[in-house]
Amino acid sequence: MSSEPTAVIHDIGYRRYEGARQGRAAAVYALAVHSLRGAFGLGRPARAKIIPFLLVVIMLLPAAVTIAAMAYLKQPGVGMRYPTYAVVMQAVVAIFMAAQSPYLVAPDLRFRVLPLYLSRPLGVADYVIAKVAALTVAIFLLVAVPLTLLFAGELLVDPPGPPLTGEYAAAMGGAVILALLLALIGIALASVTPRRGLGVASVIAFYLFTSAVSGVFYLVLSATGRDATAAWALLINPFFLVEAVQSALFDVDASNVYPHGPWSFLILVAVLALAAAGILLRYRKAASA
Numbered sequence: 350m351s352s353e354p355t356a357v358i359h360d361i362g363y364r365r366y367e368g369a370r371q372g373r374a375a376a377v378y379a380l381a382v383h384s385l386r387g388a389f390g391l392g393r394p395a396r397a398k399i400i401p402f403l404l405v406v407i408m409l410l411p412a413a414v415t416i417a418a419m420a421y422l423k424q425p426g427v428g429m430r431y432p433t434y435a436v437v438m439q440a441v442v443a444i445f446m447a448a449q450s451p452y453l454v455a456p457d458l459r460f461r462v463l464p465l466y467l468s469r470p471l472g473v474a475d476y477v478i479a480k481v482a483a484l485t486v487a488i489f490l491l492v493a494v495p496l497t498l499l500f501a502g503e504l505l506v507d508p509p510g511p512p513l514t515g516e517y518a519a520a521m522g523g524a525v526i527l528a529l530l531l532a533l534i535g536i537a538l539a540s541v542t543p544r545r546g547l548g549v550a551s552v553i554a555f556y557l558f559t560s561a562v563s564g565v566f567y568l569v570l571s572a573t574g575r576d577a578t579a580a581w582a583l584l585i586n587p588f589f590l591v592e593a594v595q596s597a598l599f600d601v602d603a604s605n606v607y608p609h610g611p612w613s614f615l616i617l618v619a620v621l622a623l624a625a626a627g628i629l630l631r632y633r634k635a636a637s638a
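Heads up: the sequence shown is residues 350 to 638, going by our numbering.
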């Protein structure tokens with residue numbers, strides 16, 4: 350019989366990790382930062398940066414024009430207002446949400462790498478928290494940077510009267526609420542399918558549907574003299590819902606008439622809870638597949 354060896358072990362240079370193991374929180378943070386960078390195309394090919402940075406520039410343009418108008422007219426309150434900035438620019442924000450939500454979740458589902466994330470120490474809830482946090486921060490930055498630029502421009506131009514610090518603070522609070530709501534809705538819709546294109550289409554369809562339905566119902570009900578009922582129709586649109594909550598929480602004037610009382614806040618909480626529950630159920634099913 351031959352005494353030749355039947356197998357050979359080669360040293361291909363792998364080394365054991367000898368650094369500190371930072372645990373679960375560090376893993377969630379690393380995944381969230383990686384996802385946030387990817388939402389703006391950082392660390393991705395150049396073509397992936399075109400849409401997010403183009404949308405950022407579009408969001409900044411009204412603030413720049415408003416600053417120029419204040420400098421020329423020497424009057425406060427001209428151009429875009431802080432509390433209504435996100436509502437006026439809602440189409441741009443919706444396109445950003447539709448473009449980036451599927452990027453954050455679709456590849457992991459399509460290529461079935463979710464079990465690798467969940468091997469340890471991450472769990473399903475940790476993964477969802479990281480993805481939602483990344484998209485929340487991305488949308489918040491998209492809205493908050495123009496607001497901050499506008500406020501800084503107002504301070505530099507120094508028009509007559511006190512600066513609108515209260516409106517700026519209320520708008521920033523509204524931006525946090527809007528970012529969280531849109532992130533949960535975007536992740537919930539995009540995670541239904543592993544196809545990125547279908548995810549984009551589903552988010553766009555949701556925005557167009559809610560915008561059209563709220564606008565049509567509002568106009569029809571207002572035309573028939575049912576103004577109180579028409580105000581409820583506006584809350585179908587997530588942007589108007591957040592504006593109503595912003596108006597109630599921070600006591601700022603809204604561009605539309607919304608239902609009085611805590612109802613808009615309760616509806617917001619219900620939508621947030623429903624979207625979060627849908628995401629967790631989807632990913633628990635995907636993790637067990």
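Beta carbons: idealized from backbone N, C-alpha and C, even for Gly.
Everything numeric in this text was worked out from a predicted model, so none of it was measured.
What residue range is occupied by the uninterrupted alpha helix (DSSP H) comprising residue i?
{"i": "Thr497", "result": "473-506"}
{"i": "Gln439", "result": "439-459"}
{"i": "Thr578", "result": "576-583"}
{"i": "Val601", "result": "Neither: Val601 is in no alpha helix (DSSP H) and is coded neither H nor E."}
{"i": "Val382", "result": "373-388"}
{"i": "Tyr567", "result": "545-572"}
{"i": "Lys423", "result": "Segment: none, Lys423 is in no alpha helix (DSSP H) and carries neither H nor E."}
{"i": "Leu623", "result": "612-637"}
Taking the straight line between their C-alpha atoms, what separation do you get for residue i and residue j?
{"i": "Thr514", "j": "Leu491", "result": "20 angstroms"}
{"i": "Ala528", "j": "Pro509", "result": "33 angstroms"}
{"i": "Leu557", "j": "Gln439", "result": "11 angstroms"}
{"i": "Val454", "j": "Val473", "result": "13 angstroms"}
{"i": "Pro425", "j": "Pro512", "result": "8 angstroms"}
{"i": "Ile616", "j": "Arg633", "result": "26 angstroms"}
{"i": "Val594", "j": "Gly368", "result": "47 angstroms"}
{"i": "Val405", "j": "Ser540", "result": "25 angstroms"}
{"i": "Ile298", "j": "Leu621", "result": "Only positions 350 to 638 of the chain appear in this structure, which leaves residue 298 out of reach."}
{"i": "Arg459", "j": "Leu465", "result": "13 angstroms"}
{"i": "Arg365", "j": "Gln371", "result": "16 angstroms"}
{"i": "Glu592", "j": "Phe566", "result": "18 angstroms"}
Can the beta-carbon of residue i be found closer than 8 angstroms to that of residue j?
{"i": "Thr485", "j": "Ala532", "result": "yes"}
{"i": "Ala487", "j": "Ala388", "result": "yes"}
{"i": "Pro470", "j": "Arg373", "result": "yes"}
{"i": "Val437", "j": "Gly428", "result": "no"}
{"i": "Leu409", "j": "Leu498", "result": "yes"}
Check whether the Cβ of residue i sits closer than 7 angstroms to any heavy atom of the ligand FMN, and report yes or no.
{"i": "Leu505", "result": "Absence of the ligand FMN from the depicted structure is noted, as is the absence of any ligand whatsoever, leaving it without description."}
Taking buried to mean at least 16 other C-beta atoms within 10 Å of its own C-beta, is residue i buried or exposed?
{"i": "Gln449", "result": "buried"}
{"i": "Lys423", "result": "exposed"}
{"i": "Tyr421", "result": "exposed"}
My assumption, with CB atoms under 8 angstroms, is that residue i sits in contact with residue j. Please give the rounded CB distance.
{"i": "Val377", "j": "Asp457", "result": "Val377 to Asp457, Cβ: 15 angstroms. No contact."}
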